[in-house]
């Protein structure tokens, strides 16, 4: 990834976080955190990695609501970040926190068995 696409990704991440938390009024959207945004070199597509706290059903509902609000979020990005073309957004669940929690539990269990 180029330096420019990384900088654009960081700006888009800020705008998306603010938009989801303050402007999107869909009640299906739970507590979400934007963890990363990867923008392609041509700035046409962006993968938005999110964590959603809640049950599996709440996660599914949140992603459905985000897909529905995709156009609104892209519009907000277009207002805040000066780009010729606003990238297409793909929302992806970031499993790194779940993976980290799993590793932490395994270490705690291992330490408990050693004592």
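Residue numbers (our numbering): 14 to 128.
We put the CB at the ideal spot given by N, CA and C, even for glycine.
Only a predicted model underlies this, so the values are computations on that prediction, with no experimental measurement involved.
Under 8 Å between the Cβ atoms of residue i and residue j?
i	j	result
residue 107	residue 45	no
residue 51	residue 59	yes
residue 86	residue 102	yes
At what residues does the alpha helix (DSSP H) containing residue i begin and finish?
i	result
residue 75	69 to 81
At the level of alpha carbons, what is the spacing between residue i and residue j?
i	j	result
residue 90	residue 17	16 Å
residue 125	residue 79	41 Å
My output table needs one value for residue i: the three-state DSSP class, helix, strand or coil.
i	result
residue 60	strand
residue 39	coil
residue 107	coil
residue 47	strand
residue 21	helix
Since residue i contacts residue j with CB under 8 Å, what's their CB separation in whole angstroms?
i	j	result
residue 56	residue 98	7 Å
Using a beta-carbon distance below 8 Å, is residue i in contact with chain C?
i	result
residue 22	No chain C is part of this structure, which consists of one protein chain only.
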